[in-house]
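Visitor: Here's a structure for you.
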Amino acid sequence: MKNKIALVLGLFTIVTVKSQNTVRPASEIFSDFNGYWRSSNNAVIPNNNHNLLAFTWNANGINNINTPITYSTGVNNSALSSNNIPFTSATFISLPIYTIPSPGSGTFIGVGQAFGGNGNVTPVPVNNNLVQYLTDGINGLGLGTAIFNIPQGSNIAFNTMGIVPTSIGDGVPDLIFSQMGQPSSTSDVFHFQNGPTPSDPMVGTPYSVAFGAEVNGIPVVPSIGNACWKFYRANVSPPLYDAGTSSGCTRNIRVIALDWSEMGITTANYQSATTLIQTYSGTSDPAFIGAYNAASITFASTFSGTVFNDNNAGIPDGNGYQGATVKLFNNGVEIGSKTTDVNGYYYFDNINTNTYPGPYTIQLTEPTGFNVVGNKVGTTDNSFTATISNSISSGNNFGINQPPVAVDDNASVGKNMSKTFSIVTNDYDLNSGSLIYSTINLIAPSGATNIITSGGYTKGFIIAGQGTWLVDNLGNLTFTPAIGFFGNATTVDYNIKDLAGLTSNNASIFIAVDYCIKPGASGIPDGYSKVGITTLKTRNKNWPEGPTINEGGVPNGFIALESNTKGLVITKTTSTANIINPQKGMIAYDITDQCIKLYNGTTWKCIKRACND
Numbered sequence: 001m002k003n004k005i006a007l008v009l010g011l012f013t014i015v016t017v018k019s020q021n022t023v024r025p026a027s028e029i030f031s032d033f034n035g036y037w038r039s040s041n042n043a044v045i046p047n048n049n050h051n052l053l054a055f056t057w058n059a060n061g062i063n064n065i066n067t068p069i070t071y072s073t074g075v076n077n078s079a080l081s082s083n084n085i086p087f088t089s090a091t092f093i094s095l096p097i098y099t100i101p102s103p104g105s106g107t108f109i110g111v112g113q114a115f116g117g118n119g120n121v122t123p124v125p126v127n128n129n130l131v132q133y134l135t136d137g138i139n140g141l142g143l144g145t146a147i148f149n150i151p152q153g154s155n156i157a158f159n160t161m162g163i164v165p166t167s168i169g170d171g172v173p174d175l176i177f178s179q180m181g182q183p184s185s186t187s188d189v190f191h192f193q194n195g196p197t198p199s200d201p202m203v204g205t206p207y208s209v210a211f212g213a214e215v216n217g218i219p220v221v222p223s224i225g226n227a228c229w230k231f232y233r234a235n236v237s238p239p240l241y242d243a244g245t246s247s248g249c250t251r252n253i254r255v256i257a258l259d260w261s262e263m264g265i266t267t268a269n270y271q272s273a274t275t276l277i278q279t280y281s282g283t284s285d286p287a288f289i290g291a292y293n294a295a296s297i298t299f300a301s302t303f304s305g306t307v308f309n310d311n312n313a314g315i316p317d318g319n320g321y322q323g324a325t326v327k328l329f330n331n332g333v334e335i336g337s338k339t340t341d342v343n344g345y346y347y348f349d350n351i352n353t354n355t356y357p358g359p360y361t362i363q364l365t366e367p368t369g370f371n372v373v374g375n376k377v378g379t380t381d382n383s384f385t386a387t388i389s390n391s392i393s394s395g396n397n398f399g400i401n402q403p404p405v406a407v408d409d410n411a412s413v414g415k416n417m418s419k420t421f422s423i424v425t426n427d428y429d430l431n432s433g434s435l436i437y438s439t440i441n442l443i444a445p446s447g448a449t450n451i452i453t454s455g456g457y458t459k460g461f462i463i464a465g466q467g468t469w470l471v472d473n474l475g476n477l478t479f480t481p482a483i484g485f486f487g488n489a490t491t492v493d494y495n496i497k498d499l500a501g502l503t504s505n506n507a508s509i510f511i512a513v514d515y516c517i518k519p520g521a522s523g524i525p526d527g528y529s530k531v532g533i534t535t536l537k538t539r540n541k542n543w544p545e546g547p548t549i550n551e552g553g554v555p556n557g558f559i560a561l562e563s564n565t566k567g568l569v570i571t572k573t574t575s576t577a578n579i580i581n582p583q584k585g586m587i588a589y590d591i592t593d594q595c596i597k598l599y600n601g602t603t604w605k606c607i608k609r610a611c612n613d
């Protein structure tokens with residue numbers, strides 16, 4: 001008797017709902033969480049990315065006595081086989097969505113609690129490109145990300161290239177829809193029409209489902225499993241972690257499937273069903289907008305990708321670059337041009353492959369000052385061939401970056417003294433990336449010898465009569481002047497690369513070898529010059545004796561010579577030794593020794609340039 005009551009209730013549920021639609025939920029799903037996960041009798045709750053492998057569905061409803069069938073999605077059939085799951089092979093692909101309505105204050109990006117790290121993590125692991133969370137995963141069937149509470153009344157349209165007529169009413173699911181949160185009793189509505197505009201006529205009948213509705217206490221779409229989530233508010237940028245909503249992480253999983261016939265599609269009208277329209281309840285929480293059976297319908301093709309400001313080259317990643325121009329070519333002829341959005345995202349949708357059969361090329365117009373440092377196919381070209389799989393060509397990404405900036409350096413070096421100084425301290429990367437100091441490349445001037453290279457970069461050399469330049473892998477340059485050299489050394493240029501592999505401009509290194517490297521003595525002088533010779537008509541009356549510098553004193557001197565426009569002529573002699581009776585303080589030019597000499601009372605001393613070292 002008990003079994004009869006259950007059967008009656010089950011039949012009553014189907015009949016009652018049939019006044020709106022005969023909703024046929026899936027009774028079980030399978031995913032690749034931790035390799036393999038089955039929703040029934042499973043204490044494990046997924047908390048990160050996983051993909052839909054299969055679902056179990058009965059074309060006559062979950063309470064029908066007929067045996068339900070498990071349909072694979074084509075994501076990983078071997079995982080089902082290795083776990084002894086009998087299934088009917090199929091391929092399901094997420095609907096090709098590239099825009100969704102603007103998020104409201106109650107719209108959340110949901111990701112598994114462990115996504116990017118447990119709980120509230122830094123940096124924020126999600127961004128405002130909401131579309132990616134509805135199309136990620138294999139075949140776009142990722143179950144570990146979702147958008148919660150798509151605004152009520154929002155419409156999304158999908159242009160088709162034709163329903164396969166033999167799939168109508170064949171008892172095999174043509175569409176599946178997911179619900180990952182806490183839905184209300186308000187219905188989501190799906191229908192076909194003949195054209196993409198609101199005024200185009202409807203084809204068939206609307207299909208409505210209230211994921212949270214109950215009939216006589218029995219859920220119309222029962223939960224078939226749970227997942228653990230964390231939530232980010234989608235209407236702010238960057239998305240904001242919501243601790244309150246995330247505190248209770250568990251949400252139910254619901255999946256429904258349907259045949260074209262449930263939308264009023266027949267062999268008489270299927271050719272007019274060119275656009276699929278979805279209207280949302282306001283509490284719709286899809287992991288994917290919907291997925292179609294690849295054997296049942298063909299959608300117009302779509303191409304999509306992201307342009308990243310990429311600091312590390314290779315596989316494109318980083319922050320999305322807004323405002324880049326991307327073009328799509330069919331057999332060399334441009335058929336579309338798009339500008340990347342705030343997340344660097346672009347897409348070309350509704351590409352009729354009968355009209356444009358390919359081959360397809362995607363080309364990026366490099367923004368001024370930027371270079372391509374990576375793309376989907378692993379080159380640094382600004383274009384590549386795009387391929388379509390199941391009407392979709394996604395991940396057509398580019399990485400771009402600006403070269404680093406090298407700045408001129410100036411150094412003062414003492415005569416006969418080497419000096420080490422950094423030439424990278426003032427260099428920088430325009431994109432806040434990293435400079436690779438080991439890539440410093442000195443540009444050897446003409447005439448340089450003993451050139452040292454490492455890894456293809458010039459690291460050192462000698463310029464005869466001036467000195468030796470040598471830079472290490474930390475950006476430190478050591479200059480050792482040639483013995484006796486002073487003055488300005490030859491200007492040497494260099495460049496450097498960043499982590500993206502881009503080379504900077506050439507910067508210059510200016511080195512002055514000073515005869516003296518210490519400044520003049522400061523403080524109170526030991527004394528002032530007692531003797532001065534001047535050709536000026538006027539002078540400070542206290543020159544050169546002082547008693548202060550401001551009063552004309554010349555500090556710490558023996559004799560002060562001063563002239564404005566005329567040279568000073570002093571006594572010259574073949575040798576100061578010829579002077580018979582020298583007096584202290586006498587000066588004369590010694591022709592033999594080629595210097596001006598001063599007699600200190602005992603000997604003649606050459607007055608030579610010297611340092612106060």
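Residue numbering for the sequence shown follows UniProt numbering, starting at 1 and increasing by one per position. For every residue, glycine included, the Cβ atom is placed at its ideal position computed from N, Cα and C.
Taking just the CA atoms, how far does residue 470 sit from residue 404?
Guide: The sequence position of residue 404 within the sequence shown is 404, counting from 1. The sequence position of residue 470 within the sequence shown is 470, counting from 1. About 22 Å.
Visitor: Can at least three beta-carbon pairs, one atom from the stretch 292 to 310 and one from the stretch 200 to 215, be found at a separation below 8 Å?
Guide: Judged by Cβ distances under 8 Å, the stretch 292 to 310 makes no contact with the stretch 200 to 215, as fewer than three pairs qualify.
Visitor: Might you give, ordered along the chain, the residues of its own chain that have their beta carbon closer than 6 Å to the beta carbon of residue 412, omitting 5 neighbours on each side?
Guide: Your numbering for residue 412 matches position 412 in the sequence shown. Result list for residue 412: 512, 514, in chain order.
Visitor: With DSSP as the reference, identify every bridge partner of residue 372, one or two as the case may be.
Guide: As a position in the sequence shown, residue 372 is number 372, starting the count at 1. 400.
Visitor: Please list, in chain order, all residues of the same chain as residue 4 whose beta carbon is under 6 Å from its beta carbon, the five residues on each side excluded.
Guide: Residue mapping note: residue 4 aligns to position 4 of the sequence shown, counting from 1. For residue 4, the pLDDT reaches just 28, beneath the cut-off of 50, and the residue's location in the model is therefore unreliable, although a value from the coordinates is still provided. Counting only Cβ-Cβ distances below 6 Å, and skipping sequence neighbours, we find nothing.
Visitor: Check each candidate in 398, 394, 459, 183 and name the one with the smallest Cα separation from residue 379.
Guide: The residue given as residue 379 occupies position 379 in the sequence shown. With distances taken between Cα atoms, residue 379 lies closest to 398.
Visitor: So the candidates are 129, 104, 148, 174; which of them puts its Cα closest to the Cα of residue 94?
Guide: For the purposes of this step, residue 94 is taken as the residue at position 94 of the sequence shown. Residue 174 is the option with its Cα nearest to residue 94.
Visitor: Tell me where the beta strand (DSSP E) around residue 614 begins and ends.
Guide: With the chain covering only 1 through 613, there is no way to say anything about residue 614.
Visitor: Does the beta-carbon distance from residue 335 to residue 28 come in below 8 Å?
Guide: Numbered from 1 along the sequence shown, position 335 holds the residue referred to as residue 335. Numbered from 1 along the sequence shown, position 28 holds the residue referred to as residue 28. It is not a contact, given that the beta carbons lie outside the stated cut-off.
Visitor: Would you be able to state if there are at least three C-beta pairs under 8 Å between the stretch 124 to 142 and the stretch 307 to 314?
Guide: Cβ pair count under 8 Å is below three, so no.
Visitor: Counting only runs that start and end within the stretch 30 to 85, where is the beta strand (DSSP E) found for 3 or more residues in a row?
Guide: List check, beta strand (DSSP E) in window: 52 to 57, 69 to 72.
Visitor: Pairing CB atoms from the stretch 488 to 507 with CB atoms from the stretch 418 to 437, are three or more of them under 8 Å?
Guide: Touching, yes, given that three or more Cβ pairs across the two stretches are closer than 8 Å.
Visitor: Mind checking whether residue 68 and residue 256 have CB atoms under 8 Å apart?
Guide: For the purposes of this step, residue 68 is taken as the residue at position 68 of the sequence shown. For the purposes of this step, residue 256 is taken as the residue at position 256 of the sequence shown. Not in contact: residue 68 and residue 256 (Cβ atoms no closer than 8 Å).
Visitor: Please return the same chain residues whose Cβ sits closer than 8 Å to the Cβ of residue 104, not counting the five positions on each side in sequence.
Guide: Taking the sequence shown and counting its residues from 1, the one referred to as residue 104 is at position 104. 149, 151, 235, listed in sequence order.
Visitor: If I'm right that residue 443 touches residue 506 with Cβ under 8 Å, what's the distance once you round it to whole angstroms?
Guide: Taking the sequence shown and counting its residues from 1, one reaches residue 443 at position 443. Taking the sequence shown and counting its residues from 1, one reaches residue 506 at position 506. Yes, they are in contact, since the Cβ atoms of residue 443 and residue 506 sit about 7 Å apart, within 8 Å.
Visitor: What would DSSP say about residue 89, mapped onto helix, strand or coil?
Guide: Taking the first residue of the sequence shown as position 1, residue 89 is located at position 89. Here residue 89 sits in coil by DSSP.
Visitor: What residue range does the beta strand (DSSP E) around residue 466 cover?
Guide: Within the sequence shown, residue 466 is the residue found at index 466, counting from 1. Unbroken run through residue 466: none, as it is neither H nor E.
Visitor: Do residue 192 and residue 266 have their C-beta atoms closer together than 8 Å?
Guide: The residue labelled residue 192 in the question sits at position 192 within the sequence shown. The residue labelled residue 266 in the question sits at position 266 within the sequence shown. Not a contact, by the Cβ cut-off of 8 Å.
Visitor: Should residue 466 go down as buried or exposed, given a rule of 16 or more other Cβ atoms within 10 Å for buried?
Guide: As a position in the sequence shown, residue 466 is number 466, starting the count at 1. Counting Cβ neighbours within 10 Å, residue 466 comes out buried, since at least 16 surround it.
Visitor: From this set, 230, 184, 228, which residue's C-alpha is nearest residue 211's C-alpha?
Guide: Numbered from 1 along the sequence shown, position 211 holds the residue referred to as residue 211. Closest by alpha carbon: 184.
Visitor: Going straight from the alpha carbon of residue 1 to that of residue 110, what length do you get?
Guide: In the sequence shown, residue 1 corresponds to position 1, counting from 1. In the sequence shown, residue 110 corresponds to position 110, counting from 1. Its pLDDT being 30, under 50, residue 1 is placed unreliably by the model, and the measurement read from it follows with that caveat. Their backbone Cα atoms lie some 44 Å apart in a straight line.
Visitor: Using DSSP with H/G/I as helix, E/B as strand and the rest coil, what is residue 28?
Guide: Position 28 of the sequence shown, counted from the start, is the residue given in the question as residue 28. Three-state result, residue 28: strand.
Visitor: Grab the span of the beta strand (DSSP E) containing residue 305 for me, first residue to last.
Guide: In the sequence shown, the residue the question calls residue 305 occupies position 305. Start and end: 301 to 309.
Visitor: Can you look up residue 483 in the DSSP assignment and give me helix, strand or coil?
Guide: Counting from 1 along the sequence shown, the entry for residue 483 is found at position 483. In the structure shown, residue 483 sits in coil (DSSP, three-state: anything other than H, G, I, E or B).
Visitor: Let me know the beta strand (DSSP E) ranges lying completely inside the stretch 96 to 147, each 3 residues or longer, listed in chain order.
Guide: Here the runs fully enclosed are 108 to 112.
Visitor: Could you check the C-alpha separation between residue 300 and residue 389 for me, to the nearest Å?
Guide: Reading the sequence shown from its first residue, position 300 is the one you call residue 300. Reading the sequence shown from its first residue, position 389 is the one you call residue 389. When rounded, the distance between both Cα atoms is 12 Å.
Visitor: For the alpha helix (DSSP H) that residue 244 lies in, which residues bound it at each end?
Guide: Here residue 244 is taken as the residue at index 244 of the sequence shown, counted from 1. Where residue 244 is concerned, the enclosing alpha helix (DSSP H) stretches over 243 to 247.
Visitor: When the Cβ atoms of the stretch 595 to 605 are set against those of the stretch 540 to 551, are three or more pairs found closer than 8 Å?
Guide: These segments do not touch.
Visitor: Any idea what DSSP makes of residue 272, helix, strand or coil?
Guide: Locating residue 272 in the sequence shown gives position 272, where the first residue counts as 1. In this structure, residue 272 counts as helix in the three-state DSSP scheme.
Visitor: Quick check on residue 316: buried or exposed, where buried means 16 or more other Cβ atoms within 10 Å of its Cβ?
Guide: On the sequence shown, position 316 is the one that residue 316 refers to. Buried: at least 16 other Cβ atoms inside 10 Å.
Visitor: Measure the C-alpha to C-alpha separation of residue 406 and residue 501 and round it to an integer number of angstroms.
Guide: Taking the first residue of the sequence shown as position 1, residue 406 is located at position 406. Taking the first residue of the sequence shown as position 1, residue 501 is located at position 501. Taking the straight line joining both Cα atoms gives about 14 Å.
Visitor: When you compare only the Cα positions, how much space is there between residue 562 and residue 534?
Guide: Here the question's residue 562 lines up with position 562 in the sequence shown. Here the question's residue 534 lines up with position 534 in the sequence shown. Distance between the alpha carbons of residue 562 and residue 534: 5 Å.
Visitor: In whole angstroms, what separates the C-alpha of residue 77 from that of residue 431?
Guide: By one-based count along the sequence shown, residue 77 stands at place 77. By one-based count along the sequence shown, residue 431 stands at place 431. The alpha-carbon atoms of residue 77 and residue 431 are separated by roughly 44 Å.
Visitor: In three-state DSSP terms, what is residue 186?
Guide: Sequence index remark: in the sequence shown, residue 186 carries index 186 (1-based). Here residue 186 sits in coil by DSSP.
Visitor: Could you give the DSSP three-state label for residue 17: helix, strand or coil?
Guide: One-based indexing of the sequence shown puts residue 17 at position 17. For residue 17, the predicted structure reports a pLDDT of 32, less than 50, and the residue's modelled location is therefore unreliable. The matter cannot be settled from this model.
Visitor: Would you kindly check if the distance between the Cβ of residue 171 and the Cβ of residue 48 is under 8 Å?
Guide: Here residue 48 is taken as the residue at index 48 of the sequence shown, counted from 1. Here residue 171 is taken as the residue at index 171 of the sequence shown, counted from 1. Cβ atoms of residue 48 and residue 171: not closer than 8 Å.
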